[in-house]
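Novice:
Residue numbers (my numbering), protein chains in the order written: chain A, 1 to 95; chain B, 96 to 345; chain C, 346 to 657.
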């Protein structure tokens, strides 16, 4: 994995007044300004939104899936198991 | 004066068309997918502007021409874009610097044209200004990232400025065409835009830790239809279909 | 609570699939389900991105301002679709960059239709009509795929895709209503793209080793042959309407089955192109490798700048 991969951001769009922001997907950006501009370019090309929120994916804290049988790793608190959400100690190269 | 309006519109439209054409070459080759989308978006806006401007120009000319005829069928010496927009895309820094100089100029120009005595031109300016401000935000932010990024990106951005600076003077060119229109209140004093432009670009350049070279003279005359050697090749691609298959519907 | 076995997890998982309950990113899933999806979704994403190249080839030569603008918008859409799909892939625990490196190393593929060159303006029409048409058929079916993020990406893509097919068909209609030179151009494009479009649906069901498992996991909702037949049935009348000849001497309407019979696909050509020997395989990948390599310093600069801003 290259060290120059831009961080992942989740995008939320409010498509019109009165509605909540809805999660529409993710994109890569180096900083918040870029994330907002990219979100506008990618997710509102057909005027699909009047308000955009972007959040670094790694900052989102997620609950466990609602399934009460709980057959999964309970330590899962990230939105999804993405390799870049986990910090590795220096010196680990091939994980 | 009608002739002056027509000529001015061609200058304005040709800038949009040729720069849009250059950006279109980058499709599928951008440094990251998100940036491919951003650049194509700008290209699309510019082609749209060119279409609006040429449509009005054809109406002003009053000879039954249309936007496509103006875009595709003139000879090289009949295009009046500034030589800046013909310059090759080069590396990403070259593309961004070219864009930045242009966007900063067009933002000012359209702002001033909002109060044109020519209502149609004012309407074109209003529509284009929103897009242009967005383009300027994009090119400014990128110039700062490159200028104040790594040593390599700084060097490339600086080189791009040294290369492209000489072409910027032509943006502020005024001759009898603009003089007439200035007298009628159709356009603003374009030459006078230069000092505000210098102020604005300096703010961004400072943040980008980039410097401007000494002013060099440059004998460019795109506004008079005398272009760089790039123009012929740009037109060869642009006009190919219309020349190879003349007088057909597409 | 007693310990849960892998078997029980797998059973619960399959029960969800059978009940058409969507699987979401943090849900338990068999490793092979995850791997299959990563492969399929990333290949789909790569296809969108590589697909920008044959069409992007003609933007600077589009014959009118409107065609230029529409083509720019279409190719931009494709980039966006690639993004939606990379976004879905990443929810499965891989990074976009790793999947792209796999593409560049030849470990995963993209739709082989994009290994054919665009040689005339009419090809742009043929791609919109036939290639996007085939893609739509596939994508509409995938709107009900079992993995949530993939299904949602498909819904989004399908909304935008019908504009693509319509603009392609409109290009060809205009040509067929034009001069003889234009009609020849259109027919020539048809002759070159018809069979590769049929090949987009993949090997025949008998030869497709992954189909059964993919159907069981409802990743796939219809088989290759089913989709291919639907495509032929829908598209032949469209060709006839504007006077384009389908380059298949064995094409015949079968009244009793209610479907078109069509000739045999040249599977030799199919496998050659899939395995890297098509007309443009080399150039497509090299172009993408170059774009990534040329962009490295740019991506690095943006990160460096962001770090500087953060530490201020």
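C-beta atoms are modelled at their ideal positions from N, C-alpha and C, and glycine is treated no differently.
DSSP on residue 407 of chain C, reduced to helix/strand/coil?
Specialist: Reading the third chain from its first residue, position 62 is the one you call residue 407 of chain C. Looking at residue 407 of chain C - three-state DSSP - the assignment turns out to be coil, as it is neither helix nor strand.
Novice: Since I believe residue 513 of chain C is in contact with residue 570 of chain C (beta carbons under 8 Å), could you give me their beta-carbon distance rounded to a whole number of angstroms?
Specialist: As a working note, residue 570 of chain C is residue 225 in the third chain. As a working note, residue 513 of chain C is residue 168 in the third chain. Contact doesn't hold; Cβ gap of about 24 Å is too wide.
Novice: Over what stretch of residues does the beta strand (DSSP E) that includes residue 55 of chain A continue unbroken?
Specialist: One-based indexing of the first chain puts residue 55 of chain A at position 55. Taken as a continuous stretch (DSSP letters only), the beta strand (DSSP E) holding residue 55 of chain A covers 51-56.
Novice: Could you check whether the Cβ of residue 43 of chain B sits closer than 9 Å to any Cβ belonging to chain C?
Specialist: Missing from the structure shown is residue 43 of chain B; chain B here goes from 96 to 345 and no further.
Novice: Determine the contact status of residue 344 of chain B and residue 523 of chain C, defining contact as a CB-CB distance below 9 Å.
Specialist: On the second chain, residue 344 of chain B is found 249 positions in, with the first residue counted as 1. On the third chain, residue 523 of chain C is found 178 positions in, with the first residue counted as 1. Yes. Within cutoff.
Novice: Out of C:576, C:531, C:472, C:368, which has the shortest C-alpha to C-alpha gap to residue 423 of chain C?
Specialist: Along the third chain, read from residue 1 onward, the residue named residue 423 of chain C stands at position 78. Closest by alpha carbon: C:472.
Novice: Taking the alpha carbon of residue 394 of chain C as the point to measure from, which residue in C:437, C:413, C:445 has its own alpha carbon closest?
Specialist: Position 49 of the third chain, counting from 1, holds the residue named residue 394 of chain C. With distances taken between Cα atoms, residue 394 of chain C lies closest to C:445.
Novice: Closer than 9 Å, Cβ to any Cβ of chain C: which residues of the stretch 18-30 of chain A, in chain order?
Specialist: Per Cβ criterion, the list reads 24, 25, 26, 27, 28, 29, 30.
Novice: Within 9 Å of any Cβ in chain A, is that where the Cβ of residue 570 of chain C sits?
Specialist: Here residue 570 of chain C corresponds to residue number 225 of the third chain, with the count starting at 1. Not one chain A Cβ lies under 9 Å of residue 570 of chain C.
Novice: With DSSP as the reference, please indicate the residues paired to residue 12 of chain A in a beta bridge.
Specialist: As a working note, residue 12 of chain A is residue 12 in the first chain. Note: residue 12 of chain A sits in a beta bridge opposite A:23, A:53.
Novice: Per DSSP, residue 5 of chain A forms a beta bridge with which residues?
Specialist: Numbered from 1 along the first chain, position 5 holds the residue referred to as residue 5 of chain A. BP columns for residue 5 of chain A are empty, so no partner.
Novice: The stretch 424-456 of chain C: which residues have C-beta closer than 8 Å to a C-beta of chain B, in chain order?
Specialist: So the close ones are 424, 425, 427, 428, 431.
Novice: Go ahead and label residue 176 of chain B buried or exposed: buried means 16 or more other beta carbons lie within 10 angstroms of its beta carbon, across all protein chains shown.
Specialist: Within the second chain, numbered from 1, the residue matching residue 176 of chain B stands at position 81. With 16 or more Cβ atoms within 10 Å of its Cβ, residue 176 of chain B is classed as buried.
Novice: Beta carbon of residue 624 of chain C, beta carbon of residue 608 of chain C: below 9 Å?
Specialist: Residue mapping note: residue 624 of chain C aligns to position 279 of the third chain, counting from 1. Residue mapping note: residue 608 of chain C aligns to position 263 of the third chain, counting from 1. Going by C-beta atoms, residue 624 of chain C is not nearer than 9 Å to residue 608 of chain C.
Novice: Within 9 Å of any Cβ in chain A, is that where the Cβ of residue 236 of chain B sits?
Specialist: Numbered from its first residue, the second chain carries residue 236 of chain B at position 141. Yes, because at least one Cβ of chain A sits closer than 9 Å to the Cβ of residue 236 of chain B.
Novice: Starting from residue 361 of chain C and walking both ways along the alpha helix (DSSP H), at which residues does that stretch end?
Specialist: In the third chain, counting from the first residue as 1, residue 361 of chain C sits at position 16. That run of the alpha helix (DSSP H) goes 351-363.
Novice: Would you mind listing the alpha helix (DSSP H) stretches within the stretch 214-263 of chain B that are 4+ residues and don't spill past its ends, in chain order?
Specialist: The qualifying runs are 214-242, 246-259.
Novice: For residue 349 of chain C, which residues in the same chain have their Cβ closer than 7 Å to its Cβ, ignoring the five residues on either side in sequence?
Specialist: Taking the third chain and counting its residues from 1, one reaches residue 349 of chain C at position 4. Nothing listed; no residue qualifies.
Novice: Taking Cβ positions only, does residue 62 of chain A come closer than 9 Å to chain C?
Specialist: Taking the first chain and counting its residues from 1, the one referred to as residue 62 of chain A is at position 62. Taking Cβ atoms only, chain C reaches closer than 9 Å to residue 62 of chain A, which makes this a yes.
Novice: With 16 other CB atoms within 10 Å as the buried threshold, where does residue 74 of chain A fall?
Specialist: Numbered from 1 along the first chain, position 74 holds the residue referred to as residue 74 of chain A. Unreliable positioning characterises residue 74 of chain A in this predicted model, as indicated by a pLDDT of 46, which lies under 50. A coordinate reading is not provided.
Novice: Does residue 129 of chain B have its Cβ less than 9 Å from a Cβ in chain A?
Specialist: As a first step, residue 129 of chain B must be located in the second chain, where it is residue number 34. For residue 129 of chain B, the answer is yes, since a Cβ of chain A falls inside 9 Å of its Cβ.
Novice: According to the Cβ coordinates, are residue 465 of chain C and residue 163 of chain B closer than 9 Å?
Specialist: Counting from 1 along the third chain, the entry for residue 465 of chain C is found at position 120. Counting from 1 along the second chain, the entry for residue 163 of chain B is found at position 68. The answer is no: Cβ separation not under 9 Å.
Novice: What span of residues does the beta strand (DSSP E) with residue 598 of chain C cover, start to end?
Specialist: Reading the third chain from its first residue, position 253 is the one you call residue 598 of chain C. That run of the beta strand (DSSP E) goes 597-599.
Novice: To the nearest angstrom, report how far apart residue 70 of chain A and residue 436 of chain C are at their CA atoms.
Specialist: What you label residue 70 of chain A is simply residue 70 of the first chain in a count that begins at 1. What you label residue 436 of chain C is simply residue 91 of the third chain in a count that begins at 1. Note on residue 70 of chain A: pLDDT 49, under 50, position unreliable in the model; the coordinate value appears next. Each residue's alpha carbon lies about 20 Å from the other.
Novice: Is residue 25 of chain A near residue 498 of chain C, with beta carbons less than 9 Å apart?
Specialist: By one-based count along the first chain, residue 25 of chain A stands at place 25. By one-based count along the third chain, residue 498 of chain C stands at place 153. Yes, the pair counts as a contact, with Cβ atoms nearer than the cut-off.
Novice: Would you report the Cα separation of residue 297 of chain B and residue 202 of chain B, rounded to the nearest angstrom?
Specialist: The residue you call residue 297 of chain B lines up with position 202 of the second chain. The residue you call residue 202 of chain B lines up with position 107 of the second chain. Cα to Cα, residue 297 of chain B sits roughly 15 Å from residue 202 of chain B.
Novice: Going by C-alpha to C-alpha distance, which of C:470, C:504, C:401 sits closest to residue 488 of chain C?
Specialist: Reading the third chain from its first residue, position 143 is the one you call residue 488 of chain C. Closest option to residue 488 of chain C, Cα to Cα, is C:504.
Novice: What are the partner residues of residue 28 of chain A, as DSSP defines its beta bridges?
Specialist: Along the first chain, read from residue 1 onward, the residue named residue 28 of chain A stands at position 28. DSSP lists A:8 as partners of residue 28 of chain A.
Novice: If you drop the 5 nearest sequence neighbours on each side, which residues of the same chain put their C-beta closer than 7 Å to that of residue 221 of chain B?
Specialist: In the second chain, counting from the first residue as 1, residue 221 of chain B sits at position 126. The answer, listed in chain order, is 209.
Novice: Tell me which residue opens and which closes the beta strand (DSSP E) that residue 585 of chain C is part of.
Specialist: Reading the third chain from its first residue, position 240 is the one you call residue 585 of chain C. Looking at the DSSP string, residue 585 of chain C is not in any beta strand (DSSP E); the run it does join, the alpha helix (DSSP H), is 569-587.
Novice: Can you name, in chain order, every residue of its own chain whose Cβ lies under 7 Å from the Cβ of residue 167 of chain B, other than the five neighbours on each side?
Specialist: Here residue 167 of chain B refers to the residue found at position 72 when the second chain is read from its first residue. So the qualifying residues of the chain are 333, 334, 337.
Novice: Grab me the residues of residue 367 of chain C's own chain with a C-beta within less than 6 Å of its C-beta, minus the 5 sequence neighbours each way, in chain order.
Specialist: Locating residue 367 of chain C in the third chain gives position 22, counting from the first residue. These residues qualify, in order along the chain: 493.
Novice: Give a yes or no on whether the minimum CB-CB distance between residue 187 of chain B and chain C is below 9 Å.
Specialist: For the purposes of this step, residue 187 of chain B is taken as the residue at position 92 of the second chain. Interface residue, yes.
Novice: Who are the neighbours of residue 55 of chain A on chain B, taking C-beta pairs under 8 Å?
Specialist: Counting from 1 along the first chain, the entry for residue 55 of chain A is found at position 55. Within 8 Å Cβ-Cβ: nothing; residue 55 of chain A doesn't reach chain B, min ~16 Å.
Novice: One question on the structure: do residue 205 of chain B and residue 234 of chain B come within less than 9 Å of each other, judged by their Cβ atoms?
Specialist: The sequence position of residue 205 of chain B within the second chain is 110, counting from 1. The sequence position of residue 234 of chain B within the second chain is 139, counting from 1. Cβ atoms of residue 205 of chain B and residue 234 of chain B: not closer than 9 Å.
Novice: Excluding the 5 residues preceding and the 5 following residue 68 of chain A in the sequence, name in chain order all residues of the same chain whose CB lies nearer than 8 Å to its CB.
Specialist: Here residue 68 of chain A corresponds to residue number 68 of the first chain, with the count starting at 1. Because residue 68 of chain A sits at a pLDDT of 48, beneath the cut-off of 50, its placement in the model cannot be relied upon, and the following sentence gives the value as read from the coordinates. No residues qualify anywhere along the chain.
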